[in-house]
Amino acid sequence: MESWEHPIDTGEAPEDGSHFDVIVVGGGPGGSAAAAYNALKGNKVLLIEKDVWPRDKPCGDAVGGKSLSHVEELGVLPMIQATPYYQVDSIVFGSANGSQVRVMLPEESYEAKGLMSGYALPRVQFDYMMFKRGAELVRENGGSVIQGFSVNEVLAEEEEGGSKIIGVSGKSGGRRSDNPILSFTASVTIGAGGYNCPVSRKIVELHDEPHKDNEHFCGGYREYWENVSGLEGGTGPIEIHFIDEVLPGYFWLFPVKEGVVNVGIGMLISEQRKQKGMKKSLKQIQKWVIEEHPRFKERFSGSRLVPGSEKGWQLPFGSPRKNAPSFQPRRGAMAGAMSVGDAASLVDPFSGEGIGNALLTAKMTSVHFDKSLHSDGFPEGAAAEYMEDLWNELGGELSNSTKLQRMMKMKRLTNWFVKRASKKPEIGEMMSEMIASKETQRALWSPWFLFKTLVLP
Ligand SMILES: Cc1cc2nc3c(=O)[nH]c(=O)nc-3n(C[C@H](O)[C@H](O)[C@H](O)COP(=O)(O)OP(=O)(O)OC[C@H]3O[C@@H](n4cnc5c(N)ncnc54)[C@H](O)[C@@H]3O)c2cc1C
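Next comes the structure, spelled out in C-alpha cells:
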C-alpha cells in the first residue's frame with residue numbers, strides 16, 4: 024500500500040451541539056488549507072469531509088506555482104516531494120491545424136522571481152497530503168475533524184437587517200443512513216464543498232441570486248492512460264491541444280508520474296449544449312480523439328486505459344458575470360459565512376486551474392476572520408470586505424483569462440497565433456511568462472505590447 028492510501032486517523036467526532044470558532048465544510052485543497060490557515064491563527068476549527076480518505080477527485084492534476092507557494096507555506100511540499108510526481112518544465116500548445124509550440128517554464132524559479140513552474144500528481148495523492156496536514160494542524164490547535172460526514176443543511180437565523188449563517192447539520196454515512204443528525208455551530212462557516220457546496224448554495228439562495236450558470240460552468244472529463252508515446256519521463260511538458268472537435272475548450276495530456284498520463288477534455292456547458300446532435304458526450308469525444316484523430320491515434324496505439332479512471336465533473340469558472348446581481352463573480356459570503364475555491368466559482372476560465380485560487384482564498388478567510396472581534400458571529404460588513412478583497416486580488420487575472428478563453432473560440436486566430444509562436448521565440452517567451460507571471464498577463468492587453476510581439480517581424 025502506498026503512503027497516501029493509508030486511512031487517516033481523525034479521532035472522535037465532536038458532540039452534537041458543539042460550538043467552534045470556524046467550521047469548514049469540505050476537505051479538498053481549499054477546505055484543508057482554510058482549516059490549516061485558520062487553525063494556525065489559534066482558532067478552534069471543525070473540518071468536515073463527506074468522503075473518507077483516500078478519495079479521488081477528477082482533475083487535470085496540474086499543480087501550478089501559485090498553489091506550490093501555499094503548499095510550501097503549510098509544510099506540505101516535503102510530503103509531496105517524498106512521493107512520485109511529474110516535474111513540469113514546459114507546456115506544449117497545439118492548434119487545430121496541427122501547428123505546435125513548446126514553451127519552456129522557468130525551472131524552480133517560483134521562489135526566486137515570483138515566476139511559477141509546477142508539478143503534476145494524481146489528486147488522490149495531493150489531496151491526501153493536504154487533508155492530512157490540515158487535520159494535524161486543526162487537532163493540534165484544539166479543533167476536530169470528521170470524515171464520512173455529509174453536511175445536509177446549513178443553519179441560518181434571522182437578525183436585524185437580514186439572515187446570518189450559524190452552523191451546519193448532517194449525518195455520518197450519507198443522507199439515507201440511520202445515524203443520528205448532528206448539528207454544530209460556529210462564528211463563521213466556510214464553504215469549501217466544491218462546485219455544489221451546500222454553504223455557497225445557501226448564501227445565494229438567501230439572497231435570491233443564481234448559483235449555477237452554464238455560460239460560466241465548464242464540463243470536464245478525465246482518464247488515466249499508461250505508456251502514451253512522447254510523454255515517458257518524470258520531467259517534461261504538459262500538453263494542451265486546441266483541436267476542432269473540442270473548441271472552444273481543449274484536449275489535454277498531463278503526465279502525473281513516469282509512464283502515467285492524465286488525459287482529458289474540458290468545454291463550457293453552454294458550448295457543449297450547442298454541439299448536441301453533432302458530437303455527443305465529452306467521454307465520446309475523447310474516445311474519438313484517442314482512437315481516430317490523425318495526430319493522436321498513433322500516440323495511443325501502444326497505450327492502456329487505467330480501468331476505473333474515467334470520470335466527469337464540473338468546473339465553476341471565475342469569469343465575470345454579465346449584469347451580476349451583486350458581487351463578482353458570484354456572491355460568496357454573508358453574515359456568518361465565506362466560501363473558497365470552487366464553492367466561490369473561481370476556476371481560471373482559460374487554463375482550467377482552480378487549486379491555486381482555492382488555496383489563496385483559503386488563506387484570505389483567515390485574514391478576514393478575527394475570533395475576538397467576531398465572537399458574536401462574522402458580520403455582514405466583514406463578508407462584503409472579503410468579497411471586495413477577493414475580486415481586487417483575482418478580478419484582473421480572471422477577466423484576462425476570460426478574454427483569452429473567448430479568443431480561443433476563433434479557430435483561425437488560434438491557428439495563426441500558435442504558428443507564429445512556433446516561428447518567433449519572443450512569442451513563446453511571452454506565453455511562458457503569461458502563465459508564470461501575472462504582470463505579463465496584464466501587459467498582454469496593452470495594444471502596443473501585442474502589436475510589437477505578434478505583428479512586427
Ligand atoms: C476535469 C477537471 C480538470 C481540472 N484540472 C485542473 C488542473 O489541472 N489544475 C488545477 O489547478 N485545477 C484543475 N481543475 C479544477 C480543480 O479540480 C478545482 O478547482 C479544485 O478541486 C478546487 O478545490 P476545492 O477544495 O475548492 O474543491 P474540491 O476539490 O471539489 O473539494 C470539495 C470537497 O468538499 C467535499 N464536500 C462536498 N459536499 C460536501 C458536503 N455536503 N459535506 C461535506 N463535504 C462535502 C467533497 O467531498 C470534496 O472533498 C480541474 C477540474 C476538473 C473537473
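Here the sequence shown is numbered in the numbering used here, starting from 24 and rising by one per residue. Using N, Cα and C, we set each Cβ at its ideal position, and we do this for glycine too.
query                                                                                                                      : result
Closer than 8 Å: D74 CB and nearest ligand 1 heavy atom                                                                    : yes
Residue closest to R125, alpha-carbon to alpha-carbon, out of M387, M431 and G259                                          : G259
Nearest-angstrom Cα separation, counted from T425 out to S342                                                              : 6 Å
Inter-residue Cα distance where the pair is P52 and G364                                                                   : 8 Å
Pairwise C-alpha distance: V168 and K67                                                                                    : 11 Å
Sheet register partners of E181 (DSSP bridge)                                                                              : S186
Integer Cβ distance of G325 from N250, believed to fall under 8 Å                                                          : 6 Å
Own chain residues within Cβ distance below 7 Å of D39, not counting five before or after                                  : L205 and S206
K280 versus E176: straight-line alpha-carbon distance, rounded                                                             : 39 Å
Beta-bridge pairing of I292 - partner residues as DSSP gives them                                                          : Answer is none; I292 lacks a bridge partner.
In chain order, each beta strand (DSSP E) run of at least 3 residues that lies wholly inside the region 294-365            : 334-339 and 360-362
CB of A9 within 9 Å of CB of E232, strictly                                                                                : This structure gives no information on residue 9, because the portion of the chain shown stretches from 24 to 480.
W5: first and last residue of the uninterrupted alpha helix (DSSP H) it sits in                                            : An answer regarding residue 5 cannot be provided, because it is not within the stretch 24 to 480 covered by the chain.
Expected contact under 8 Å - CB spacing of L338 and G243 to nearest Å                                                      : 5 Å
Cβ distance (whole Å) where V99 is taken to contact R156 below 8 Å                                                         : 5 Å
DSSP state of W275 mapped onto helix, strand, coil                                                                         : strand
F172 Cβ short of 8 Å to ligand 1 heavy atom set                                                                            : yes
Beta-ladder partner(s) of K194, from DSSP                                                                                  : S173
Given Y546 as reference, the closest of H234, P278, N164 and P37 once Cα atoms are compared                                : This structure cannot speak to residue 546, because the chain is shown only from 24 to 480.
Cα-Cα separation between S223 and D399, rounded to whole angstroms                                                         : 21 Å
G214 vs E403 beta-carbon contact at 9 Å                                                                                    : no
Distance between beta carbons of V269 and I288, contact taken as under 8 Å                                                 : 6 Å
DSSP beta-bridge partners of M127                                                                                          : S113
Bounding residues of the alpha helix (DSSP H) (the contiguous stretch that carries T208)                                   : Looking at the DSSP string, T208 is not in any alpha helix (DSSP H); the run it does join, the beta strand (DSSP E), is L205 to G214.
Extent of the continuous alpha helix (DSSP H) to which R372 belongs                                                        : Here residue 372 turns out to be Pro, not Arg, going by the sequence shown. That residue, P372, is in no alpha helix (DSSP H); it is neither H nor E in DSSP.
Other residues of its chain near E333: CB distance less than 7 Å, five sequence neighbours each side excluded              : E246 and K306
Simplified DSSP state of L138, which is helix, strand or coil                                                              : Residue confidence for L138 is low, a pLDDT of 40 falling below 50, so the modelled location carries little weight and cannot support an answer.
Residues bridged to T258 [DSSP beta-bridge criterion]                                                                      : Q110
A360 Cβ short of 8 Å to ligand 1 heavy atom set                                                                            : no
Beta-carbon contacts of A209 that lie in its chain and below 6 Å, excluding the five residues immediately before and after : F43, V45, I46 and G190
The region 404-413 contacting the region 77-95, beta-carbon criterion three pairs below 8 Å                                : no
Paired residues, beta bridge with Y247 - DSSP                                                                              : N285
Distance cut-off 8 Å: R245 Cβ against heavy atoms of ligand 1                                                              : yes
9 Å Cβ cutoff met for D236 and K434                                                                                        : no
Sufficient close CB pairs (3 or more, under 8 Å) joining the region 382-394 to the region 428-442                          : no
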